[in-house]
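Report on one structure; see the data block that follows.
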Amino acid sequence: MKSLPGKCILIADDEEGIRDLFRFTLEPLGVEVVTATDGWEAFEAFQARPFDLVILDVHMPRLSGPEVLVKIRALRPTQRVLVVSSSSDASHAFEQRVSEYGASACLYKPVELDELLGAIDRALSEEGHAA
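Everything in the sequence shown is counted per the UniProt record's numbering, starting at 1 for the first residue and increasing by one.
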């Protein structure tokens, strides 16, 4: 994956280990990483400034990832968003619902770093989306 200098990514996950893993993976690529520990904190950070990408955990206190995604869509309809879920849905019904709200991808924990970086790369190169 190429470096991403100047990019800013918001990572919202209530698991400190996930936030740290994503931060330690992305910062060496030149990414500014902003973290949030729950959905409400994520939405407040999102309102305060633009992000090139938002990564949302599904299950978080105060506001869930899908709830934050709906609020993000209301404010910035073209915002790039990845959703991370702790459980894989064999029927892909959840993934389909999330994509209907405009998520670029739905990843499942434990997230492989190559999979994460590939999804980020694809999301940031999508045409027609602006932060």
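Glycine included, C-beta positions come from ideal geometry on N, C-alpha and C.
Neighbourhood of residue i by C-beta, 6 Å cutoff - its chain only, sequence neighbours within 5 removed
i, result
"residue 60", "14, 38 and 39"
"residue 129", "Confidence in residue 129 is poor, its pLDDT being 45 and thus under 50, which makes the residue's placement too unreliable to answer from."
"residue 66", "none"
"residue 62", "38, 39 and 40"
"residue 113", "25"
"residue 71", "43"
Alpha carbon of residue i to alpha carbon of residue j, nearest angstrom
i, j, result
"residue 69", "residue 56", "8 Å"
"residue 26", "residue 9", "9 Å"
"residue 155", "residue 43", "Absent from the structure is residue 155, since the part of the chain shown begins at 1 and ends at 131."
"residue 100", "residue 84", "15 Å"
"residue 73", "residue 125", "19 Å"
"residue 28", "residue 22", "11 Å"
"residue 54", "residue 5", "16 Å"
"residue 111", "residue 47", "27 Å"
"residue 17", "residue 51", "22 Å"
Beta-carbon proximity of residue i to residue j, cut-off 8 Å
i, j, result
"residue 123", "residue 82", "yes"
"residue 30", "residue 64", "no"
"residue 19", "residue 35", "yes"
Same chain, Cβ closer than 8 Å to residue i, neighbours up to 5 away in sequence not counted
i, result
"residue 86", "57, 58, 59, 108 and 109"
"residue 119", "82, 104, 105 and 107"
Same chain, Cβ closer than 7 Å to residue i, five either side skipped, listed in chain order
i, result
"residue 103", "69, 81, 82 and 83"
"residue 45", "10, 34 and 36"
"residue 115", "107"
Exercise. Which full runs of the beta strand (DSSP E) of 3+ residues lie inside the UniProt domain "Response regulatory" (8-124), going along the chain?
Worked result: 8-12, 32-36, 53-57, 81-85 and 105-108
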